[in-house]
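Chains as they are written, first to last, in my numbering: chain C, 1 to 107; chain H, 1001 to 1386. A short worksheet on the structure shown next.
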């Protein structure tokens, strides 16, 4: 089997070094699927109520929660990982306060 | 220990002795008793396995695939429409290189609704990459389940196996079956240890998007594994013989050494044909029998070796590829095509939808073929009212 090299695409020169099934060898670090995105979601933290619904619904999951202190309380702040967010639209559809805005991606 | 078992229960016993860890199945006639007995064996604690009740055969195979991906030994059984519903998942088991073993009771496809035997259900799955074993009696059914795990889990193979038996002729017919001792089975079949598995401690994605730069090689490897599997079936069949006294090969022959007329068939038609060979011999015909046991991988070399030595051969198929001919007939002919000296091969289609094929029918078919010089068409129909 090939040496695992993070952040690099794993390329096999022959079947002799390939695993018998399509199994990821850390290649997701290389394969940043965020490049598929047409619409970029942007969280407006003025409107965000820290309900975690976007985090729960994100199928990738490309939204993580970071603890932030607001008015003396620790709240879970949703942060989008644009390397893997495919722009599916579930988060902005589900957001109860319409805190997620969209911007068209440009090349 | 000896027991009188129906073919379905021989499957259940085979799975139990193989110490399967996950069973997921959906009931369908004539397979129902396979999982009925297994559910009892799981419920009373005889077998330490997870029995997953599912809502369809598609889900049954999906559950077996998931289980097998974690490194568990998985088993299911089905028939006809159930197998057809599994079709998509059959490819997933092969591409995932997962050694699932299933029993398939050959039942003719609907419509019209029917439950009797015919091979079109399993043969429709011929090109999925599942290995297929066609059994001739209940002892072979039980033994083949154990052998199938041994072959499927071999690191050079890693392909699933379908154990195929005729509806009612085997599935519901009681026969004396020798039950191997558990310790001996354990010696023959060690626990499964896959090279890659679903494990949260070492996460991998399985079966993810693969482009033209990788897919081709994965398909090449499946074919290579199939080729290797031929040796593994032979070696493990021999080893089985040494341990249990019953040896199994890719094919089985009967009275072929001096034969000039060869009957080729599979499953229970082949076991009936064995008696027909004796009858023909008594009548002065130098007849022999070739039974194709393992159909995928197809034992081309073994078949060639036997067929090229005879003057005339006939393939009896209980199946049909509509618009072509009998499926075993096509495969046998294809195996011979590049041989310089080859006998004429006749193709008979009979017994579709479970119509009985008796010894006297096979004798009559053979005598008819013996009168003909060469095949005038790809199909000689026998027993159909035209």
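Ideal placement from N, C-alpha and C gives every residue a C-beta, glycine not left out.
List the residues of chain C whose Cβ lies closer than 7 Å to the Cβ of residue i, in chain order.
| i | result |
| --- | --- |
| residue 1204 of chain H | 23 and 24 |
| residue 1071 of chain H | Per Cβ cutoff of 7 Å: no residues; residue 1071 of chain H is ~13 Å from chain C at best. |
| residue 1410 of chain H | Nothing can be reported for residue 1410 of chain H, as the shown portion of chain H is limited to 1001 through 1386. |
Taking the Cβ atom as the reference point for each residue, do residue i and residue j lie within a distance shorter than 8 Å?
| i | j | result |
| --- | --- | --- |
| residue 1034 of chain H | residue 1095 of chain H | no |
| residue 1052 of chain H | residue 1015 of chain H | no |
| residue 1363 of chain H | residue 1272 of chain H | no |
| residue 1244 of chain H | residue 1191 of chain H | no |
| residue 1177 of chain H | residue 1010 of chain H | yes |
| residue 24 of chain C | residue 1205 of chain H | yes |
| residue 1074 of chain H | residue 1080 of chain H | no |
| residue 1304 of chain H | residue 1346 of chain H | no |
| residue 1291 of chain H | residue 1266 of chain H | yes |
Among residues of its own chain, excluding the 5 on either side of residue i, which ones have a beta-carbon nearer than 6 Å to its beta-carbon?
| i | result |
| --- | --- |
| residue 1114 of chain H | 1108 and 1353 |
| residue 1283 of chain H | none |
| residue 1294 of chain H | 1133, 1233 and 1250 |
| residue 1083 of chain H | 1104 and 1121 |
| residue 1047 of chain H | 1016 and 1041 |
| residue 1256 of chain H | 1288 and 1306 |
| residue 32 of chain C | 83 |
| residue 1382 of chain H | 1348, 1350 and 1365 |
| residue 60 of chain C | 84 |
| residue 126 of chain C | The structure shown has nothing for residue 126 of chain C, since chain C only spans 1 to 107. |
Given that residue i touches chain C, what residues does it touch there, using C-beta distances under 8 Å?
| i | result |
| --- | --- |
| residue 1218 of chain H | 18, 20, 21 and 22 |
| residue 1210 of chain H | 22 |
| residue 1097 of chain H | 20 and 21 |
At 8 Å on the CB atoms, spell out the chain H contacts of residue i, in chain order.
| i | result |
| --- | --- |
| residue 15 of chain C | 1217, 1220, 1221 and 1224 |
By Cβ distance below 7 Å, which residues in the same chain neighbour residue i in space, the five residues on each side in sequence not counted?
| i | result |
| --- | --- |
| residue 1 of chain C | Confidence at residue 1 of chain C is low in this model, with a pLDDT of 39, below 50, so the placement of that residue should be treated as unreliable; the coordinate-derived value is given next. Within the same chain, residue 1 of chain C has close Cβ partners 17 and 19. |
| residue 3 of chain C | Note that residue 3 of chain C scores a pLDDT of 49, beneath 50, so its modelled location is shaky and nothing firm can be said. |
| residue 1280 of chain H | 1287, 1363 and 1366 |
| residue 1182 of chain H | 1017 |
| residue 1258 of chain H | 1286 |
| residue 101 of chain C | 42 and 44 |
| residue 970 of chain H | The question about residue 970 of chain H has no answer, for chain H in this structure spans 1001 to 1386. |
| residue 62 of chain C | 80, 81, 84 and 85 |
| residue 1359 of chain H | 1272, 1275, 1276 and 1279 |
List the residues of chain C that residue i touches, going by C-beta distances under 9 Å, in chain order.
| i | result |
| --- | --- |
| residue 1207 of chain H | 21, 22 and 23 |
| residue 947 of chain H | Nothing about residue 947 of chain H can be read from this structure; chain H reaches only from 1001 to 1386. |
| residue 1090 of chain H | Under the 9 Å cutoff, chain C gives no residues; its nearest Cβ is about 15 Å from residue 1090 of chain H. |
I want to check one thing, is the minimum distance from the CB of residue i to the heavy atoms of the ligand GTP below 7 Å?
| i | result |
| --- | --- |
| residue 32 of chain C | Absence of the ligand GTP is noted for the structure shown, with no ligands found whatsoever. |
Residues in its own chain within less than 8 Å of residue i by CB, not counting five upstream and five downstream?
| i | result |
| --- | --- |
| residue 1342 of chain H | 1307, 1308 and 1336 |
| residue 1184 of chain H | 1243 and 1244 |
| residue 75 of chain C | 50, 67, 68 and 69 |
| residue 57 of chain C | 90, 91 and 94 |
| residue 1241 of chain H | 1247 and 1248 |
| residue 1218 of chain H | 1095 and 1210 |
With contact counted as at least three CB pairs below 8 Å, one residue from each stretch, are the stretch 1313-1324 of chain H and the stretch 1142-1152 of chain H in contact?
-> no
Is the stretch 31-38 of chain C touching the stretch 85-92 of chain C, taking contact as three or more C-beta pairs under 8 Å?
-> yes
At least three beta-carbon pairs within less than 8 Å, the stretch 1045-1063 of chain H to the stretch 1085-1099 of chain H = yes
contact_flag[the stretch 1002-1013 of chain H, the stretch 1166-1186 of chain H] where n(CB pairs < 8 Å) is 3 or more | yes
Residues in the stretch 1335-1354 of chain H with C-beta within 7 Å of chain C's C-beta atoms, listed in sequence order?
-> none
Could you please tell me which residues of the stretch 1156-1175 of chain H, in chain order, have their CB closer than 8 Å to any CB of chain C?
-> 1158
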